[in-house]
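Here the structure is laid out as structure tokens; the discussion comes afterwards.
Residue numbers (our numbering): 1250 to 1618.
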């Protein structure tokens, strides 16, 4: 539970109420050392979302908070994004952040973000057509250049994020790991070869992604981070924001729709094709005049972000499967079937990137194993 005395005092100032203060926890990643908690706070007739950022929470491994402003998990970046106004830079294109009601620097060093409560339809419940519309809006946003020069914006996000996910990598060449029932029964034939090759080609993919045209990236785009609010799409969790490749945000949004069981894997090929076309149309509408193949390469090469997921799947195939936030169990069979299909789709993206890159003057990928 939050410090109710501190929360009460802040709620009085932010919500203008002297009545009872009721905090209700919201789903978030409990392992992230940057997030002390997220709550809907109701006081009288008004309510808001409170997100507390910290650098003192015990967290190990990749989710530990960082004091490095360029690190992907820099602890106070989201506060800086809101305070600077950068969170609203895409508002002209139909994507905005919740309104910042107050930013409180607490005596203990934590930062309290009091944000507008959005009650529209969550992206987790959207039909595929709405996701495609989001891709179009994202394209229009990315088609206008935005400087990525603030000292606290993330750089080399993809390299740091992928490099920090190491659980199970020793299992990629382990025959027994691939014979586990969930893996054996639900991962398509040939996936082992494709995913092992993606892992061994990781540095090549990262170099490609770092050499593509740049844009301001949210870098945590997935359906659970967006809601509708009238005509707007409201985007949450700006903690990773920084320098990204053109197409990188889309390359994260599409697979995550399936990996987190919001869109069936069988729909991914058609969904991804429609979303890519919408994204490209958005870029063109905003005046972007570059080579379309560079955008396609950015989307396809972003498959490298999921290199770690195969190893994680091997490591946890014998465990109970939990949803995001660890709030409830999910069907292991469903998760591994959908995950296997989506990873196979990403293997196709990786193959397309290997074929496309040399045509655009990039080095050829290493030879397959």
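Backbone N, C-alpha and C fix where the C-beta goes; we use that ideal spot for every residue, glycine too.
Treat the numbers as computed from the prediction; the structure is a model and nothing was measured.
Start-to-end residues for the beta strand (DSSP E) that takes in residue i
i	result
residue 1388	Where residue 1388 is concerned, there is no enclosing beta strand (DSSP E), although the alpha helix (DSSP H) it sits in stretches over 1377-1391.
residue 1255	Unbroken run through residue 1255 is the alpha helix (DSSP H), 1253-1264; no beta strand (DSSP E).
residue 1354	1349-1354
residue 1614	No beta strand (DSSP E) holds residue 1614; DSSP gives it neither H nor E.
residue 1297	1295-1302
residue 1492	1491-1494
C-alpha distance - residue i paired with residue j, whole-angstrom precision
i	j	result
residue 1253	residue 1279	20 Å
residue 1357	residue 1567	41 Å
residue 1542	residue 1407	21 Å
residue 1445	residue 1596	10 Å
residue 1602	residue 1546	6 Å
residue 1346	residue 1320	22 Å
residue 1250	residue 1610	Residue placement at residue 1250 is poorly supported in this model, since its pLDDT is 48, which falls under 50; the coordinates still yield a value, given next. So the alpha carbons of these two residues sit roughly 55 Å apart.
residue 1282	residue 1327	14 Å
residue 1365	residue 1430	46 Å
residue 1394	residue 1465	8 Å
residue 1267	residue 1580	45 Å
residue 1428	residue 1411	25 Å
residue 1559	residue 1578	20 Å
residue 1468	residue 1549	16 Å
residue 1437	residue 1424	15 Å
residue 1482	residue 1331	17 Å
residue 1291	residue 1397	36 Å
residue 1455	residue 1409	10 Å
residue 1616	residue 1508	29 Å
residue 1255	residue 1354	12 Å
residue 1363	residue 1261	12 Å
residue 1489	residue 1315	12 Å
Limits of the alpha helix (DSSP H) - the one that residue i falls within
i	result
residue 1598	1581-1605
residue 1567	Residue 1567 -> no alpha helix (DSSP H), and no H or E assigned at all.
residue 1460	1451-1460
residue 1529	1517-1534
residue 1619	Shown here, the chain extends from 1250 to 1618; a query on residue 1619 therefore has no answer.
residue 1507	1497-1508
residue 1475	Element bounds for residue 1475: not the alpha helix (DSSP H) but the beta strand (DSSP E), 1475-1478.
residue 1463	First-last for residue 1463: 1463-1466, but that is the beta strand (DSSP E), not the alpha helix (DSSP H).
residue 1547	1541-1550
residue 1427	1424-1427
residue 1664	In the structure as shown, the chain begins at 1250 and stops at 1618. Residue 1664 is therefore absent and cannot be evaluated.
residue 1333	1326-1333
9 Å Cβ cutoff met for residue i and residue j
i	j	result
residue 1539	residue 1495	yes
residue 1589	residue 1435	yes
residue 1504	residue 1604	no
residue 1360	residue 1270	no
residue 1585	residue 1385	no
residue 1511	residue 1375	yes
residue 1535	residue 1390	yes
residue 1336	residue 1557	no
residue 1440	residue 1563	no
residue 1561	residue 1322	no
residue 1516	residue 1371	no
residue 1272	residue 1289	yes
residue 1277	residue 1287	yes
residue 1606	residue 1457	yes
residue 1443	residue 1308	no
residue 1572	residue 1381	no
residue 1450	residue 1614	yes
residue 1471	residue 1502	yes
residue 1343	residue 1480	yes
Identified DSSP bridge partners for residue i
i	result
residue 1439	Its beta-bridge partners do not exist; DSSP assigns none.
residue 1288	1274, 1299
residue 1482	1344, 1477
residue 1363	1299, 1351
Proximity test, Cβ basis, 9 Å: residue i and chain D
i	result
residue 1363	No chain D is part of this structure, which consists of one protein chain only.
Legend entry - Inter-stretch contact at 8 Å, needing at least 3 Cβ pairs: the stretch 1549-1556 / the stretch 1390-1401: Verdict: no, contact absent.
Inset, instruction - Could you tell me whether the stretch 1461-1470 touches the stretch 1482-1497, using the rule of 3 or more Cβ pairs below 8 Å? - result: They touch, by the three-pair rule.
Legend entry - Inter-stretch contact (C-beta, 8 Å, three-pair minimum) for the stretch 1295-1312 and the stretch 1343-1358: The stretch 1295-1312 vs the stretch 1343-1358: in contact.
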